[in-house]
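A.B. asks:
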Amino acid sequence: MTQPQREAKRLMKGNEAVAEAAIRAGCRTYFGYPITPQNELAAYMSKRMPQVDGVFVQAESETGAINMVYGAAAAGARVLTSSSSPGVALKAEGISYLAAADLPSVIINIQRGGPGLGTIQPSQGDYFMSTKAPGHGDFKCLVYAPSTVQEMADMVGDAFEKADEYLMPAIILSDGLLGQMMEPVALPPIKDPADCPQHDWALTGTRGKRAPQEVNSLRLYPEQLEATNNERYAMYDRIKAKEQQAEMYRTDDADIIVVAYGASARTAKSAVDLARDAGVRAGMVRPLLVWPFPDDALDSLITGGTAKGFLTVEMSMGQMVEDVQLLVNGRLPIDSFNRTGGLVPEPKAIAERIEKLYKQTAEGGN
Amino acid sequence: MTGHTPSANEKAIFTRTKGLTDTAFTYCAGCMHGIVHRLVAESLEELDVLGKTIGIAPVGCSVTATNFFNCDMLQASHGRAAAAATGVKRVNPDNIVFSYQGDGDLAAIGTAESVHAAARGEHITVIFINNAIYGMTGGQMAPTTMPGQITQTSPYGRIIAQDGYPLRVVEMLATLDGVAYAERVTVDTPKNIRTAKRAIRKAFEYQRDKVGYTIIEVLCTCPTNWGLNPLESADWMRENMFPYYPLGVYRDVKAEGYANIVDAAAALLEEQTAAEAERQAAEAAKEAAKVAAKGGGE
Chain A
1 MTQPQREAKR
11 LMKGNEAVAE
21 AAIRAGCRTY
31 FGYPITPQNE
41 LAAYMSKRMP
51 QVDGVFVQAE
61 SETGAINMVY
71 GAAAAGARVL
81 TSSSSPGVAL
91 KAEGISYLAA
101 ADLPSVIINI
111 QRGGPGLGTI
121 QPSQGDYFMS
131 TKAPGHGDFK
141 CLVYAPSTVQ
151 EMADMVGDAF
161 EKADEYLMPA
171 IILSDGLLGQ
181 MMEPVALPPI
191 KDPADCPQHD
201 WALTGTRGKR
211 APQEVNSLRL
221 YPEQLEATNN
231 ERYAMYDRIK
241 AKEQQAEMYR
251 TDDADIIVVA
261 YGASARTAKS
271 AVDLARDAGV
281 RAGMVRPLLV
291 WPFPDDALDS
301 LITGGTAKGF
311 LTVEMSMGQM
321 VEDVQLLVNG
331 RLPIDSFNRT
341 GGLVPEPKAI
351 AERIEKLYKQ
361 TAEGGN
Chain B
1001 MTGHTPSANE
1011 KAIFTRTKGL
1021 TDTAFTYCAG
1031 CMHGIVHRLV
1041 AESLEELDVL
1051 GKTIGIAPVG
1061 CSVTATNFFN
1071 CDMLQASHGR
1081 AAAAATGVKR
1091 VNPDNIVFSY
1101 QGDGDLAAIG
1111 TAESVHAAAR
1121 GEHITVIFIN
1131 NAIYGMTGGQ
1141 MAPTTMPGQI
1151 TQTSPYGRII
1161 AQDGYPLRVV
1171 EMLATLDGVA
1181 YAERVTVDTP
1191 KNIRTAKRAI
1201 RKAFEYQRDK
1211 VGYTIIEVLC
1221 TCPTNWGLNP
1231 LESADWMREN
1241 MFPYYPLGVY
1251 RDVKAEGYAN
1261 IVDAAAALLE
1271 EQTAAEAERQ
1281 AAEAAKEAAK
1291 VAAKGGGE
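Quick mapping for you: the protein sequence lines, in order, are chains A and B. With the numbering used here as the guide, the letters of the first sequence map in order to residues 1 to 366. With the numbering used here as the guide, the letters of the second sequence map in order to residues 1001 to 1298.
#1: Is it the case that the segment 1137-1154 of chain B contacts the segment 1062-1078 of chain B, given that we only count it when at least three CB pairs across the two stretches are under 8 Å?
#2: Under a Cβ-count criterion, where at least 16 other Cβ atoms within 10 Å of its own Cβ denotes burial, should leucine 1268 of chain B be classed as buried or exposed?
#3: For the segment 1057-1077 of chain B, list every residue whose C-beta sits within 7 Å of some C-beta in chain A, in sequence order.
#4: Whole angstroms are fine: how far does the CA of valine 149 of chain A sit from the CA of asparagine 366 of chain A?
#5: Please name the residues in the segment 1103-1133 of chain B whose beta-carbon is closer than 7 Å to at least one beta-carbon of chain A, in chain order.
#6: Below 8 Å on C-beta distance, what does leucine 203 of chain A contact in chain B?
#7: At 4 residues or longer, what runs of the alpha helix (DSSP H) sit wholly inside the segment 1144-1192 of chain B?
#8: Please compile the residues from chain B whose C-beta is within a distance smaller than 8 Å of the C-beta of arginine 207 of chain A.
#9: Note down, in chain order, every chain B residue with its Cβ under 9 Å from the Cβ of asparagine 216 of chain A.
#10: At a Cβ threshold of 7 Å, is serine 61 of chain A touching chain B?
#11: Note down the Cα distance separating methionine 1001 of chain B from phenylalanine 1014 of chain B, rounded to an integer number of angstroms.
#12: Excluding the five sequence neighbours on either side, which residues of its own chain have a C-beta within less than 8 Å of the C-beta of alanine 1012 of chain B, listed in chain order?
#13: Using three-state DSSP, classify phenylalanine 160 of chain A as helix, strand or coil.
#14: Looking only at its chain, what residues have a beta carbon closer than 6 Å to the beta carbon of tyrosine 1134 of chain B, apart from the 5 residues adjacent to it on each side?
#15: What is the DSSP secondary structure of arginine 276 of chain A, counted as helix, strand or coil?
#16: Compare the C-alpha of glycine 283 of chain A against each of A/Val290, A/Leu274, A/Trp291, A/Leu289 and name the closest.
#17: Between threonine 1151 of chain B and glutamate 226 of chain A, what straight-line distance do the alpha-carbon atoms span, to the nearest angstrom?
#18: On the CB-based measure, 16 or more other CB atoms within 10 Å of its CB, does glutamine 121 of chain A come out buried or exposed?
#19: Indicate whether at least one CB of chain A lies closer than 7 Å to the CB of alanine 1084 of chain B.
#20: What residue range does the alpha helix (DSSP H) around methionine 68 of chain A cover?
#21: Tell me the DSSP secondary structure of serine 84 of chain A in three-state form.
#22: Proline 93 of chain A touches chain B at which residues, Cβ-Cβ below 9 Å?
#23: Could you list the residues in the segment 1175-1200 of chain B with a C-beta less than 7 Å from some C-beta on chain A, going in chain order?
#24: Relative to the C-alpha of aspartate 138 of chain A, which candidate in A/Thr228, A/Ser147, A/Val52, A/Ala186 has its C-alpha closest?
#25: Excluding the 5 residues preceding and the 5 following threonine 1017 of chain B in the sequence, name in chain order all residues of the same chain whose CB lies nearer than 6 Å to its CB.
#26: Check the Cβ of glutamine 213 of chain A against every Cβ in chain B and list those closer than 7 Å, keeping chain order.
#27: For leucine 990 of chain B and glutamine 58 of chain A, what's the separation of their Cα atoms in angstroms?
#28: Between the alpha carbons of glutamate 314 of chain A and arginine 286 of chain A, how many angstroms are there, rounded?
#29: Would you say valine 1262 of chain B reaches chain D, if we count a Cβ-Cβ gap shorter than 7 Å as a contact?
#30: State the Cα-Cα distance for the pair valine 52 of chain A and glycine 64 of chain A, rounded to the nearest angstrom.
#31: Can you list, in chain order, the residues of its chain with a C-beta nearer than 6 Å to that of proline 212 of chain A? Leave out the 5 residues immediately preceding and following it.
#32: I'd like the list of long-range same chain contacts for alanine 1282 of chain B, defined as Cβ closer than 8 Å, with 5 residues on each side in sequence excluded.
#33: Given a threshold of 16 other Cβ atoms within 10 Å of its Cβ, counted over all protein chains shown, does glycine 341 of chain A qualify as buried or as exposed?
#34: For leucine 1176 of chain B, which residues of its own chain have a beta-carbon under 7 Å away from its beta-carbon, when the five flanking residues on both sides are left out?
#35: Could you tell me whether the Cβ atoms of glycine 179 of chain A and isoleucine 110 of chain A are closer together than 7 Å?
Structure, rendered in structure tokens:
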């Protein structure tokens, strides 16, 4: 990730830091709807947007909000919406249309536990929804996975830039823990909205200077839709080749590789240190984006690396583990450590599982 | 489709509006979309705002409107045109933004978006085509389907006990402070077409002048899904729809003497506040009289 020029650190909630960072990234258009645990974000926007001549609308629903995003994006605006899990599910329709119409936009998900009304406590239960099926049909979103308040602030700017570069929606997959916690954060520099990419396809009226144009997701002819899908998936392949990002922590000589992202990576990192203290060479791969998934980083630890087994740590019943399974493809054992309901995996418990997996791999003669 | 070019001794007295593309309409025979399209296009041309207009065409037969209007067009998902229009308009408030929506779109799946765009007083113009049926999907019961009307999903006719009552959309929206202008028109006769044109043009003028939210409901036929020929369809509409959906102006803040929705809403609140103060004073006086009567009895 590019390291922007930093200001002095200040103590901020994740929900507020990400909102301020979005404005600093040139975003002047926000549509939202109340839901816990992301309310500070919309509240912050309602206060700040009028101060910067921006647009803030509290929509009638999440569906309304995402379709306002669709209209604003079609008009060429750098546009943001935010919600939490059940609300993001409601946005699925609009996200599919955004992808189908090649419209850039950023959607922040401050995840809470599900299914159903579930809980307002933090969760990572929307991994599947974000990476596999953010809406109907064949498409992907860029999915950023911050694990600190600082990363929430940094990644929203990256998300806007990449959404504009690839003309697709990007999701910030955060959770109630990161949204609610306060941490020191150095906010990114202020970008003038006039310096954001101007799109010639934007619907601003012809002004008598060009032919009328349209933004449309309708592809009625089979060959036409298939060609569009093929083109979009060729772009996804380029993104997979270029945009994978992961933090590698103590992996150089590691036998056991922990894979964790976001909030659960915070305690997983401590668990790696605990396991090292107990004499097990452990390391961690932390995806910074979960789509595209850092296949190459994981693969490098198997092919020509020292990995003997993988342990995934998630605040879900085990969703990301399926991407690890696809990549590992039976070459090494995989275990998964899962907590739900808003419970955060504890370092000691994770460390015990690391040690257990290590013993199994040693016995298995791997 | 560009038609006949007049020679030296001929004079063009009527030409196709620049508000429409040269693409031939793909609507069914007898469908009134073509007439309404033309009225919208002519209005935009006459007001010289085609160059700053963005039209929104959501799901339904209206989705094909992207092919016919000669201005920027956005296709929206089913029911969400008012939300998408809000997004477009808020980003560039000087644009003219209109949505072109059918009854299923606006009055069933998009009711929340439609009501709240009106309540917010979004400076958009909604062209609402009410033909009492879902057209594109093959003739299912719509929120505006008439009692007893047979459709694909009301094979015994719309049964009120089961399906409830049809929605009167402009009447409902006209109660909202954000609405500057709401009129129901139709396009079955030359006279009615002229009235419809005046209404549509006025709605765009109000939008241009930032008076408030505007909606024109157009009663239309759907010969294909009604299973009637165009003339029979027009008769059926007059006989069945006109009594339930009376033509006319349901709200016009300028005709009521206000410059815009803000002034109209303030005047209404003032009136209501005075009425409420009067009611409370009367209640207090009644209460005082009661106490006095009681006190006198002791």
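We put the beta carbon where it would ideally sit given N, CA and C, even for glycine.
C.D. replies: Reading it off the structure:
#1: no
#2: For this step, residue 1268 of chain B is matched to residue 268 along the second sequence. With fewer than 16 Cβ atoms within 10 Å of its Cβ, leucine 1268 of chain B is classed as exposed.
#3: Val1063, Thr1066, Asn1070, Cys1071, Asp1072, Met1073, Leu1074, Gln1075, Ala1076, Ser1077
#4: Position 366 of the first sequence holds residue 366 of chain A. Position 149 of the first sequence holds residue 149 of chain A. With a pLDDT of 45 at asparagine 366 of chain A, under the threshold of 50, the modelled position of this residue cannot be trusted, and the question is left open.
#5: Ala1112, Glu1113, His1116
#6: The residue given as residue 203 of chain A occupies position 203 in the first sequence. Those within 8 Å of leucine 203 of chain A in chain B are Ile1054, Asp1072, Met1073, Leu1074, Val1088.
#7: 1160-1163, 1169-1173
#8: Taking the first sequence and counting its residues from 1, one reaches residue 207 of chain A at position 207. Going along chain B in sequence order, the residues near arginine 207 of chain A (Cβ under 8 Å) are Gly1051, Lys1052.
#9: Here the question's residue 216 of chain A lines up with position 216 in the first sequence. Here the neighbours are Ala1057, Val1063, Thr1066, Met1073, Leu1074, Gln1075.
#10: By 1-based counting over the first sequence, the position of residue 61 of chain A is 61. Yes, its Cβ sits closer than 7 Å to a Cβ of chain B.
#11: For the purposes of this step, residue 1001 of chain B is identified with residue 1 of the second sequence, where counting begins at 1. For the purposes of this step, residue 1014 of chain B is identified with residue 14 of the second sequence, where counting begins at 1. Because methionine 1001 of chain B sits at a pLDDT of 45, beneath the cut-off of 50, its placement in the model cannot be relied upon, and the following sentence gives the value as read from the coordinates. The straight-line gap from Cα to Cα measures roughly 15 Å.
#12: As a first step, residue 1012 of chain B is located in the second sequence; it is residue number 12 there, counting from the start. Cβ within range, chain order: Pro1006.
#13: Sequence index remark: in the first sequence, residue 160 of chain A carries index 160 (1-based). Residue state, collapsed to three classes: helix.
#14: The residue given as residue 1134 of chain B occupies position 134 in the second sequence. Here the set comprises Gly1104, Gln1140, Ala1142.
#15: By one-based count along the first sequence, residue 276 of chain A stands at place 276. Three-state DSSP puts arginine 276 of chain A in a helix.
#16: Start at 1 with the first residue of the first sequence, and residue 283 of chain A comes out as number 283. That would be A/Leu274, whose Cα lies nearest to the Cα of glycine 283 of chain A.
#17: As a working note, residue 1151 of chain B is residue 151 in the second sequence. As a working note, residue 226 of chain A is residue 226 in the first sequence. Distance between the alpha carbons of threonine 1151 of chain B and glutamate 226 of chain A: 34 Å.
#18: As a working mapping, residue 121 of chain A is identified with position 121 in the first sequence. Flag for glutamine 121 of chain A reads buried.
#19: Stepping through the second sequence from its first residue, residue 1084 of chain B is reached at position 84. For alanine 1084 of chain B, the answer is yes, since a Cβ of chain A falls inside 7 Å of its Cβ.
#20: Along the first sequence, one-based indexing puts residue 68 of chain A at 68. First-last of the alpha helix (DSSP H) with methionine 68 of chain A: 62-74.
#21: Residue mapping note: residue 84 of chain A aligns to position 84 of the first sequence, counting from 1. Note: serine 84 of chain A maps to coil in three-state DSSP.
#22: As a first step, residue 93 of chain A is located in the first sequence; it is residue number 93 there, counting from the start. For clarity, residue 93 of chain A is glutamate in the given sequence; the question names proline instead. Within chain B, the residues near glutamate 93 of chain A are Ser1077, His1078, Arg1080.
#23: none
#24: The count along the first sequence starts at 1 and reaches residue 138 of chain A at position 138. Closest option to aspartate 138 of chain A, Cα to Cα, is A/Thr228.
#25: Numbered from 1 along the second sequence, position 17 holds the residue referred to as residue 1017 of chain B. Excluding positions up to five away in sequence, the list reads Ala1041, Glu1042, Glu1045.
#26: Here the question's residue 213 of chain A lines up with position 213 in the first sequence. Within 7 Å Cβ-Cβ: Asp1072.
#27: Because chain B in this structure spans residues 1001 to 1298, residue 990 of chain B falls outside the shown range and cannot be described.
#28: Within the first sequence, the letter at position 314 stands for residue 314 of chain A. Within the first sequence, the letter at position 286 stands for residue 286 of chain A. Roughly 12 Å separates the two Cα atoms.
#29: Protein chains in the displayed structure are A and B, and chain D is not among them.
#30: As a position in the first sequence, residue 52 of chain A is number 52, starting the count at 1. As a position in the first sequence, residue 64 of chain A is number 64, starting the count at 1. Their Cα atoms are separated by approximately 24 Å.
#31: Translated into positions along the first sequence, residue 212 of chain A becomes position 212. Excluding positions up to five away in sequence, the list reads Thr206.
#32: The count along the second sequence starts at 1 and reaches residue 1282 of chain B at position 282. Once the five neighbours on either side are set aside, alanine 1282 of chain B has no close Cβ partner at all.
#33: As a first step, residue 341 of chain A must be located in the first sequence, where it is residue number 341. Counting Cβ neighbours within 10 Å, glycine 341 of chain A comes out exposed, since fewer than 16 surround it.
#34: Against the second sequence, residue 1176 of chain B aligns to sequence position 176. Hits under 7 Å: Ala1118, Ala1119.
#35: Stepping through the first sequence from its first residue, residue 179 of chain A is reached at position 179. Stepping through the first sequence from its first residue, residue 110 of chain A is reached at position 110. Yes, the Cβ-Cβ distance between glycine 179 of chain A and isoleucine 110 of chain A is below 7 Å.
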